[in-house]
Amino acid sequence: MKTILLNFVLLLTVAIAWSGCEQDDKNPYDGGIVSPYVFTFDLRKVYKQADVVLTTTNMSGATSIQGIVVSDHAAKNMLNGLMMVQNSRNASSGDSLRGIALNVGAAAANYMVGDLVRVKVEGRTLTRRNGILQVIDIPATDIVKVSSGNTILGNRVTTAALLADPRRYESTQVTIIKATYNPSLLATDVFSGDKLLNDGFGNITLHTEAGAAFAGAKPPFSANYTGLVVTTEGANGALVPQIRIRNNTTDLKTLSSNTEQPAIIITGFMSDVKGGDGNYEYIQFRATRAINFAAEPFSVVTTNNAGTNPAPATGWAIGGVRSYKLDLTSGSVVKGEFFYVGGSRKLINGATSTTSMASSKWIRSFDYSTIDGDGFGTKTSGLLANSGNASGIAVFKGTAVNVSSVPVDVVFIGTGGGLFSAGPPAAGYRVTSTDVYDAVEPVTGVDQPFYRQGTNTAAFIYLTADLGYFNQLGGTYDTVLGKWTKIRTQVGLLLTTSSPVSDIEGAGSTEIK
309 MKTILLNFVL LLTVAIAWSG CEQDDKNPYD GGIVSPYVFT FDLRKVYKQA
359 DVVLTTTNMS GATSIQGIVV SDHAAKNMLN GLMMVQNSRN ASSGDSLRGI
409 ALNVGAAAAN YMVGDLVRVK VEGRTLTRRN GILQVIDIPA TDIVKVSSGN
459 TILGNRVTTA ALLADPRRYE STQVTIIKAT YNPSLLATDV FSGDKLLNDG
509 FGNITLHTEA GAAFAGAKPP FSANYTGLVV TTEGANGALV PQIRIRNNTT
559 DLKTLSSNTE QPAIIITGFM SDVKGGDGNY EYIQFRATRA INFAAEPFSV
609 VTTNNAGTNP APATGWAIGG VRSYKLDLTS GSVVKGEFFY VGGSRKLING
659 ATSTTSMASS KWIRSFDYST IDGDGFGTKT SGLLANSGNA SGIAVFKGTA
709 VNVSSVPVDV VFIGTGGGLF SAGPPAAGYR VTSTDVYDAV EPVTGVDQPF
759 YRQGTNTAAF IYLTADLGYF NQLGGTYDTV LGKWTKIRTQ VGLLLTTSSP
809 VSDIEGAGST EIK
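Last residue of the sequence shown? That's 821 in our numbering, and every number before it is there in order.
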């Protein structure tokens, strides 16, 4: 068995917000009139792991820095004496967005978030103290406030991005979305001290000073956190980032505390066996709790979107050649158990397979190549596409699926075809809030209930056809936290016709905690 690792398209855009191709060793200026103000992007490059006095020579003719203040000392959770400012090379570019700490002493408390300041730094020393890159010994008289209430360039990032490149985000304002605590907080826990935030990409420390105004407040179960990236020195001098919020009001957006979790999650699928696909495809699931399907039925719907059809007016229930439903109305599973839905042949990798999956847990199997779906869907040689326009899998509570039905879990492969129309009325395939989809955009609060609407653009990719790749989705779902603590990523397991079932249920499979 060979494996190939792939990622959601979205991960490249969410994991490092405002990512781009600009390199930190690029010449800061291509010509023209020299500005008296140095960009933080360029100022940070002056530091070469040793203290350096700032001059017009090493700042390409500049004497000062102009930036927007992102620190706020009112609630006493900032680093004493440090005013943090950020800027970018042009107002619309986040690629060069960088921050710097300015050691201005007691004057730091005089400046608020959104203040535009000009600070003379010529002759001052750029150094790294206690893990923070900063310009030191700046007198209050060298600070000029130009204006207040300026907009701060948004910077939505993941914990994985912060941990991978703390220097990029140091002393800037960032937003981490859909964060919960790992481990879960006790009823008596408060903000004070160090707590681990988890956003599905990793864990990062949220630090709150014991003397902060909100130190004794109770944190929300789930929230978006907007704060400053502060770096500390770890083992061997490595920089370790932490988040500090400025207050627990404007820097927090509390999200729903509803911890209801999907009873079933999609953990993998075989959409393209070696040879013909008809009656040999299957989808793998795991249960997050015990389910008796006779008492609590569910249904699985697949969709294909070949050709130039418009967005489905009736959503997942469009039927015909575009969606196919399989009802789950008998059998039972226990928490964490793998189970399968698909063709009646129950073979690991197509017609010539010597490995039977008949002894695995099958909740529904029948010959979809000769039988129409339960309620909708025309008999088909392929439940899921092998290439081209998007295909998808959704799990629903109950067996009645209509235009308004919202799945409990959903994944998509590919992005093409008639998938979403803003209308009115809006039409498309509904999603639920999962590890990568959000029925309500978590930052803006805007409804986006469909795939390809708003930020709901994540998709797996099609693997090389007719080789027998099983799509293993991985990730970790924590039933105590009621969330994904590690998002799903696509791993292609190249099976043979004799691969054991343990290959698709072993290392790298989705974890249930």
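The beta carbon of each residue, even a glycine, is placed where N, CA and C say it ideally should be.
Same chain only: Cβ atoms within 7 Å of Ser456, ignoring 5 sequence neighbours per side
Met420, Gly422, Asp423
Smallest Cα separation from Glu430: which of Leu471, Val360, Arg437?
Val360
Close-in-space but distant-in-sequence residues of the same chain around Lys822 (CB under 7 Å, 5 per side omitted)
Missing from the structure shown is residue 822; the chain here goes from 309 to 821 and no further.
At the level of alpha carbons, what is the spacing between Gly790 and Thr363?
54 Å
Cβ atoms of Val537 and Pro549: under 9 Å apart, would you say?
Result yes, Cβ atoms of Pro549 and Val537 sit closer than 9 Å.
Residue burial classification, Ala730 (beta-carbon count within 10 angstroms, cutoff 16):
exposed
My assumption, with CB atoms under 8 Å, is that Leu505 sits in contact with Ile551. Please give the rounded CB distance.
7 Å
Burial state of Asp675, where buried means 16 or more other Cβ atoms lie within 10 Å:
exposed
Grouping DSSP H, G and I as helix and E and B as strand, with all else coil, what is Gly413?
helix
According to DSSP, which residues form a beta bridge with Ser372?
Tyr345, Lys428
With a CB to CB cut of under 8 Å and the five nearest residues on each side skipped, what residues in its chain are close to Met665?
Excluding positions up to five away in sequence, the list reads Tyr590, Tyr648, Lys654, Leu655, Ile656, Val809.
Tell me the rounded alpha-carbon separation between Ala323 and Lys643.
Confidence at Ala323 is low in this model, with a pLDDT of 39, below 50, so the placement of that residue is unreliable and no value is reported for it.
Separation of Ile626 from Thr686, as counted between CA atoms:
Answer to the nearest angstrom: the Cα atoms are 11 Å apart.
Express the C-alpha separation of Leu692 and Asn612 in angstroms, rounding to a whole number.
6 Å
Let's see if you can read the secondary structure: which residues bound the alpha helix (DSSP H) around Asp811?
Counting along the chain, the unbroken alpha helix (DSSP H) around Asp811 starts and ends at 810-813.
Inter-residue spacing [alpha-carbon to alpha-carbon] between Ser652 and Leu781:
23 Å
Work out the CA separation of Ala469 and Ala595 for me, nearest whole Å.
31 Å
Let me confirm a value: Asp497 is counted as buried when at least 16 other C-beta atoms fall within 10 Å, else exposed. Which label applies?
It is exposed - the Cβ of Asp497 has fewer than 16 other Cβ atoms within 10 Å.
Skipping 5 residues on each side, what residues in its chain have a beta carbon closer than 7 Å to that of Val716?
Pro570, Ala571, Ile572, Val703, Phe704, Lys705, Thr740
In chain order, what residues of the same chain lie with their CB nearer than 6 Å to the CB of Val719, ignoring the 5 residues before and after it?
Ile574, Ile701
Could you tell me which residues DSSP puts in a beta bridge with Ser607?
Asp635, Phe704
Mark Asp332 as exposed unless 16 or more other C-beta atoms lie within 10 angstroms of its C-beta, in which case mark it buried.
Reliability of the predicted coordinates at Asp332 is poor, the pLDDT of 45 falling under 50, and the value obtained from them is presented with this limitation in mind. Looking at its Cβ environment, which holds fewer than 16 other Cβ atoms inside 10 Å, Asp332 is exposed.
If we call anything under 9 Å between Cβ atoms a contact, is Phe758 one with Gly722?
Contact: no.
By how many angstroms is the C-alpha of Ala546 removed from the C-alpha of Ala416?
27 Å
Please work out which residues of its chain come closer than 6 Å, Cβ to Cβ, to Lys821, disregarding the five sequence neighbours upstream and downstream, and give them in chain order.
Asp786
Cutting at 6 Å between CB atoms, please list the residues of its own chain near Lys503, excluding the five before and the five after it.
Taken in chain order, the residues that qualify are Tyr489, Leu514.
Using the DSSP secondary-structure output, state which residues sit across from Met391 in a beta bridge.
Leu410
Does the region 576-586 come close enough to the region 596-607 that 3 or more CB-CB pairs lie under 8 Å?
no
According to DSSP, is Leu560 part of a helix, a strand, or is it coil?
Look at Leu560 here: in three-state DSSP terms it is strand.
Outcome for Gln592 when other beta-carbon atoms lying within 10 angstroms are tallied against a minimum of 16:
buried
Reduced DSSP secondary structure (H/G/I, E/B, other) of Ile656
coil
Rounded to the nearest angstrom, what separates Ile671 and Ala619 at their Cα positions?
31 Å
Once you ignore the five residues that flank Ile679 on each side, which residues in its own chain have a CB closer than 7 Å to its CB?
Lys687
Just mark Val443 as buried or exposed, buried being the case when its beta carbon has 16 or more other beta carbons within 10 Å.
buried
So, is the C-beta of Thr513 closer than 9 Å to a C-beta in chain C?
Although the question refers to chain C, the structure presented lacks it and comprises just one protein chain.
Could you tell me the alpha carbon to alpha carbon distance between Asp338 and Lys453, rounded to whole angstroms?
The predicted position of Asp338 is uncertain, since its pLDDT is 43 and thus under 50; a value taken from the coordinates is nonetheless stated next. So the two alpha carbons sit approximately 29 Å from each other.
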